[in-house]
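Quick mapping for you: the protein sequence lines, in order, are chains A and H.
The working numbering numbers the first residue of the first sequence as 430 and each following residue consecutively.
The working numbering numbers the first residue of the second sequence as 6 and each following residue consecutively.
Positions of the beta carbon are idealized from the N, C-alpha and C atoms, including for glycine.
For clarity, every value in this text was computed on a predicted model and none was experimentally measured.
Here the structure comes first, spelled out in structure tokens, and everything after it is commentary.
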Amino acid sequence: MQVFFEKYYNWLSYAAALSVLLPLLYGLLFLKRGNRLYITLYLYVLTIALIELSGHLTVYLGTDNNLWLSHLYTPIEYFLLTFSYYISLKYRNIRRAIIWSVALFLIFGIMNAFFGEGITQMNSYTKVLESGLLIALALVYFYMTFRNLNKLYLDQDPMFVLSCGILIYFAGTTMAYLMFNRALAISDNMARICLSITYVLNIFFNVVLLVVLKRASRI
Amino acid sequence: MNILLPLLIITPIMLLLALGLIVFVVLYQKRLIQHQEQVWQLEASKQYQVLEATMQAQEEERRRVARDLHDEVGSMLSLVKLNLYQLTGSIKGESDEVCGAEANIKKLLDEVIGSVRRISHDLMPVVLDKMGHCGAPCLPPPELRCFWSATTRAEGSLQSRSSFCTAWCRNC
């Protein structure tokens with residue numbers, strides 16, 4: 430395990446950070462003729478890139494703790510992903526539920542940051558709640574796909590691809606984020622195991638975002 | 006390391022569940038679409054059958070009316086015309102008035118016979134026009150059939166058979 434941390438962990442970390450360049454650069458090509466969904470997803474990719482850049486900058490500047498970035502990033506991520514569902518799902522009740530969930534999630538995130546886990550700790554509970562809500566939204570989208578049966582080729586639907594990505598990414602990272610603070614309290618390497626899982630899934634999700642942008646540009 | 010045991014156990018399980026769910030969604034959606042297509046095909050086939058039955062009934066009715074007009078009314082009129090010829094032939098020394106009336110009646114009878122023939126031809130089903138009269142019950146009499154088959158062998162085309170039969174029907 431020590432060999433992995435010494436040799437491959439840094440490479441994995443850089444690969445995960447740089448993988449966001451794939452959807453970021455591809456997205457630039459069709460940004461001018463992009464629809465609302467495309468622009469929302471591109472904003473999401475841009476947010477990921479900015480947060481990655483900020484993380485590396487804080488390390489470069491030598492700050493002790495940059496976990497506050499996660500407290501900033503999670504609500505923005507949740508808002509942008511749910512907004513893409515808001516655009517795609519035309520049902521009034523679902524849209525109303527999405528608006529309410531964003532408001533409640535924002536309150537929960539702020540409460541957790543200032544009165545819960547604290548800004549210097551990973552926002553595990555917020556991340557778990559976000560995962561649960563986004564997985565629920567992905568399942569709602571699948572249910573609507575069954576109900577409407579208006580899509581013959583599911584792999585051509587950007588929201589279906591995004592829902593698959595969300596399902597895998599958030600199902601995979603939930604436990605890693607939940608255990609992160611406890612693992613970090615024991616040792617840095619324990620926390621790195623959690624982060625390694627997250628990095629692998631980050632690379633996967635960035636590739637999914639590339640595919641989603643490709644599909645969304647054709648709508 | 007024990008603290009990470011739940012992470013190492015639950016994460017793969019959740020990933021497998023997520024993948025399984027996606028595979029299920031894709032396969033189930035495909036099955037639903039196939040089922041939907043089958044339902045559409047059945048509905049289309051049912052509609053086609055109803056349409057075909059309606060058209061068949063309509064054509065049968067047209068054929069019956071045309072046959073009645075052609076065979077019964079037409080032959081009755083021809084008989085009337087024949088009787089008129091016999092009647093006028095038996096009257097000797099007819100006056101100009103009688104001659105004029107006779108000519109007028111013959112002319113009117115010819116017009117009526119022509120109209121009956123035209124109406125009966127017009128009533129023939131569209132399918133018969135397209136497929137040719139030879140495919141229909143309107144076959145030539147037995148004495149003409151050998152000539153008809155010789156012609157069809159010689160011409161070898163549906164069009165010639167059709168035009169021949171049309172000509173025969175007009176002359177009969």
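In this structure the segment 591–604 of chain A lies against the segment 625–643 of chain A, because at least three pairs of beta carbons, one per stretch, are closer than 8 angstroms. Flagged as an interface residue toward chain H: ALA612 (chain A), by a C-beta distance shorter than 8 angstroms. Under the 10 Å beta carbon count, CYS593 (chain A) is surrounded by 16 or more other beta carbons and is classified as buried.
Each residue's CA atom was taken as its position, placing ARG68 (chain H) and LYS112 (chain H) some 28 angstroms apart. By alpha-carbon distance to LEU9 (chain H), the top candidate from A:ALA612, A:SER646, A:LYS643 is A:ALA612.
Contact annotation: in the segment 567–588 of chain A, residues whose CB is within less than 7 angstroms of a CB in chain H are PHE571, THR574, PHE575, LEU578, LEU581, LEU583. Between the C-alpha atoms of TRP497 (chain A) and PHE537 (chain A) there is a straight-line separation of about 15 angstroms. Below 8 angstroms, too few C-beta pairs join the segment 638–648 of chain A and the segment 19–32 of chain H to call them touching: fewer than three. LEU453 (chain A) is positioned such that its CB atom lies closer than 8 angstroms to that of VAL474 (chain A).
The beta carbons of ILE632 (chain A) and ALA444 (chain A) sit closer together than 8 angstroms. By the beta-carbon neighbour count (other beta carbons within 10 angstroms, threshold 16), VAL449 (chain A) is buried. Annotated three-state conformation of ARG462 (chain A) is coil, per DSSP. If one requires a minimum length of 4 residues, the alpha helix (DSSP H) runs lying completely within the segment 95–131 of chain H are 101–127, in chain order. DSSP places GLN61 (chain H) inside the alpha helix (DSSP H), whose first and last residues are 10–73. DSSP places ARG524 (chain A) inside the alpha helix (DSSP H), whose first and last residues are 521–543. As the crow flies, the alpha-carbon of ARG72 (chain H) is around 9 angstroms from that of MET129 (chain H). Along the segment 30–47 of chain H, the positions whose C-beta sits under 9 angstroms from a C-beta of chain A are VAL30, VAL31, TYR33, GLN34, LYS35, LEU37, ILE38, GLN41, read in chain order. For ALA23 (chain H), the neighbours in chain A by C-beta distance under 7 angstroms run, in chain order, LEU596, ILE597, ALA600. Taking ARG621 (chain A) as the centre and dropping the five residues before and after it, the same chain places the C-beta of PHE434, TYR438 closer than 8 angstroms to its C-beta, in chain order.
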